[in-house]
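**Student:** Residue 51 in the UniProt record's numbering is what sits at position 51 of the sequence shown, and the numbering runs on without skipping anything.
Even for Gly, the Cβ is constructed at its ideal location relative to N, Cα and C.
Following this message is one structure expressed as structure tokens.
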Amino acid sequence: MADEPLAGINRHEARAFAAWVSSQGKPYEGAVVQHEYQWEIAVRTKVLRDFGRSWEWCKNDFHGYPEFQPFPDESVSSSAFTPDMGVLRGGSLHTQRVLRRSSFRQSAPPDQRFQLSGLRLVFPALHRWT
């Protein structure tokens with residue numbers, strides 16, 4: 001089961017889990033919940049290919065991008081640009097195919113649990129100077 005996505009959690013629990021993982025010492029120190037920019041870059045550069053099994057919480061709040069264009073429906077894609085909404089990226093098996101793409105963003109209250117919402121941790125780059 002270690003290869004299965006962690007799902008059914010809210011953003012607060014995702015952050016708490018990341019803090020716990022980070023506290024476990026090397027090599028897990030510095031683990032954090034991803035920022036949505038990290039997620040999107042990883043998908044667009046094909047570093048991340050395994051997404052779409054569960055929505056992934058991001059650490060940042062939901063806000064409009066510069067030159068934002070609503071898709072597919074303005075009432076769904078832009079009505080929640082408030083600092084009290086969290087960001088979910090990636091989609092799930094039950095998400096419409098047209099929405100499972102690198103640029104689609106979903107908003108949700110950070111204290112809301114969803115059956116198909118989980119997280120992806122980001123770790124600091126390992127460097128070897130010697």
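Answer with buried or exposed for residue 20, where buried requires no fewer than 16 other C-beta atoms within 10 angstroms of its C-beta.
**Tutor:** Looking up residue 20 in the sequence shown gives position 20. It is exposed - the Cβ of residue 20 has fewer than 16 other Cβ atoms within 10 Å.
**Student:** Roughly how many angstroms lie between the CA atoms of residue 83 and residue 16, to the nearest whole one?
**Tutor:** Within the sequence shown, residue 83 is the residue found at index 83, counting from 1. Within the sequence shown, residue 16 is the residue found at index 16, counting from 1. Each residue's alpha carbon lies about 20 Å from the other.
**Student:** Along the chain, where does the beta strand (DSSP E) that runs through residue 98 open and close?
**Tutor:** Locating residue 98 in the sequence shown gives position 98, counting from the first residue. Run containing residue 98: none; DSSP gives neither H nor E here.
**Student:** Output the distance between the C-alpha atoms of residue 97 and residue 91, rounded to the nearest integer angstrom.
**Tutor:** Along the sequence shown, one-based indexing puts residue 97 at 97. Along the sequence shown, one-based indexing puts residue 91 at 91. Distance between the alpha carbons of residue 97 and residue 91: 9 Å.
**Student:** Hey, how far is the Cα of residue 124 from the Cα of residue 95?
**Tutor:** Here residue 124 corresponds to residue number 124 of the sequence shown, with the count starting at 1. Here residue 95 corresponds to residue number 95 of the sequence shown, with the count starting at 1. Roughly 31 Å between the two C-alpha positions.
**Student:** Just to confirm before moving on: does the CB-CB distance between residue 32 and residue 62 stay below 9 Å?
**Tutor:** Here residue 32 corresponds to residue number 32 of the sequence shown, with the count starting at 1. Here residue 62 corresponds to residue number 62 of the sequence shown, with the count starting at 1. No, they are not a contact pair.
**Student:** Residue 115 to residue 67, Cα distance in whole Å?
**Tutor:** Start at 1 with the first residue of the sequence shown, and residue 115 comes out as number 115. Start at 1 with the first residue of the sequence shown, and residue 67 comes out as number 67. Each residue's Cα considered, the two are about 32 Å apart.
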